[in-house]
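Participant: In this note's numbering, the protein residues as written are 1233 to 1452.
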Amino acid sequence: MLRAAGVGLGDEVVVSAFGNVEVAEAVAMAGALPVFADIDPVTYCLDSSAVEAAVTPRTAAVVVVHRFGRPADIARLHGVGQRHGLLVLEQGESEAPYDEIAQRRERAAYLDAKLRGVRAPDGGDGHTYQQYVVRVPGNGRPDRDAFARAVRARGVECRVPVKTPVHRLPEFRRCVSLPETERAADETLALPVDAALTKRDMQRIVGACNALGGLLQPAF
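Right under this line is the structure:
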């Protein structure tokens, strides 16, 4: 899509560093330079103000990735594109059948109501819960990783959605300030919310998390 739009050597393309290394790789394959902008801490997608701040005379495009089933604020991002004459491309997530989405939303609502000690995702704007991503309070990555190990030890599968932001990878290393990206990479944890989970499974998830969540306090 970038090549078809004429994006190439000498151009810059604004992308997120919160995962999706394949997007930065695609920009590089087109001959352009990926420029990383910070994310919105609620949606985990590109923040429109951060994108606008990253625009230079060489910027040709923005690639917006919708994350975890929560869409980006695409209206504002298109507004940035219109103001600066930029191509705005979207990368969506695989669509699930409606009944599966409804079941995931039902399980997410259960977790929203029952979980203690972690910050639940914001369910606004048609969240389909491709992943149920919480924030673990405390001292960032050490506490999040300890929390994950303890939850797994209680039989609950969980995963760190973004282990290393793209701007920290050797092939794309940049000296750029992305505080929300860094914070999200240190604090986020994806809990199970699959449609196949039983009520007992959901109770196990809540029990495992609540046994630990109250022990972690935000750092001051």
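Just so it is clear, CB atoms sit at the ideal spot from N, CA and C, and this is done for glycine as well.
These figures come from a predicted structure and were not determined experimentally.
Give the range of the alpha helix (DSSP H) segment to which T1288 is assigned.
Facilitator: The sequence position of residue 1288 within the sequence shown is 56, counting from 1. Where T1288 is concerned, there is no enclosing alpha helix (DSSP H), given that its DSSP letter is neither H nor E.
Participant: I need the boundaries of the beta strand (DSSP E) containing V1247, first residue and last residue.
Facilitator: Locating residue 1247 in the sequence shown gives position 15, counting from the first residue. Element bounds for V1247: E1244 to S1248.
Participant: According to DSSP, is F1404 helix, strand or coil?
Facilitator: Residue mapping note: residue 1404 aligns to position 172 of the sequence shown, counting from 1. Looking at F1404 - three-state DSSP - the assignment turns out to be helix.
Participant: Does the Cβ of T1288 have 16 or more other Cβ atoms within 10 Å, making it buried, or fewer, making it exposed?
Facilitator: Walking along the sequence shown from the start, residue 1288 turns up at place 56. With fewer than 16 Cβ atoms within 10 Å of its Cβ, T1288 is classed as exposed.
Participant: For T1420, count neighbouring C-beta atoms within 10 Å of its own C-beta (all shown protein chains included) and say buried if the count is 16 or more, exposed if not.
Facilitator: On the sequence shown, residue 1420 is found 188 positions in, with the first residue counted as 1. Answer is buried; the Cβ neighbour count reaches 16.
Participant: What is the DSSP secondary structure of C1441, counted as helix, strand or coil?
Facilitator: As a position in the sequence shown, residue 1441 is number 209, starting the count at 1. Looking at C1441 - three-state DSSP - the assignment turns out to be helix.
Participant: Does the beta-carbon of Y1361 have 16 or more other beta-carbons within 10 angstroms, so that it is buried, or is it exposed?
Facilitator: Within the sequence shown, residue 1361 is the residue found at index 129, counting from 1. That one is buried.
Participant: Can you tell which of S1280, A1440 and G1372 has its C-alpha closest to the C-alpha of E1389?
Facilitator: Residue 1389 sits at position 157 when you count from the first residue of the sequence shown. Taking only the C-alpha atoms, the option nearest E1389 is A1440.
Participant: Are the beta-carbon atoms belonging to V1178 and I1306 less than 8 Å from one another?
Facilitator: The question about residue 1178 has no answer here: the residues shown for the chain are numbered 1233 through 1452.
Participant: Does the stretch 1234 to 1253 come close enough to the stretch 1408 to 1415 to have 3 or more Cβ pairs within less than 8 Å?
Facilitator: yes
Participant: Check each candidate in H1359, D1377, V1312 and N1442 and name the one with the smallest Cα separation from A1328.
Facilitator: Taking the first residue of the sequence shown as 1, we reach residue 1328 at position 96. Closest by alpha carbon: H1359.
Participant: Mapping DSSP to helix, strand and coil, what is A1345?
Facilitator: Locating residue 1345 in the sequence shown gives position 113, where the first residue counts as 1. The answer is helix: DSSP assigns A1345 an H, G or I state.
Participant: For C1407, count the other beta carbons within 10 Å of its own beta carbon; 16 or more makes it buried, fewer makes it exposed. Which is it?
Facilitator: Counted from its first residue, the sequence shown places residue 1407 at position 175. Classification of C1407: exposed, given that the 10 Å Cβ count is below 16.
Participant: Report the residue from L1318, R1391 and A1427 whose alpha carbon sits nearest the alpha carbon of L1234.
Facilitator: Taking the first residue of the sequence shown as position 1, residue 1234 is located at position 2. Of L1318, R1391 and A1427, the residue nearest in Cα terms is L1318.
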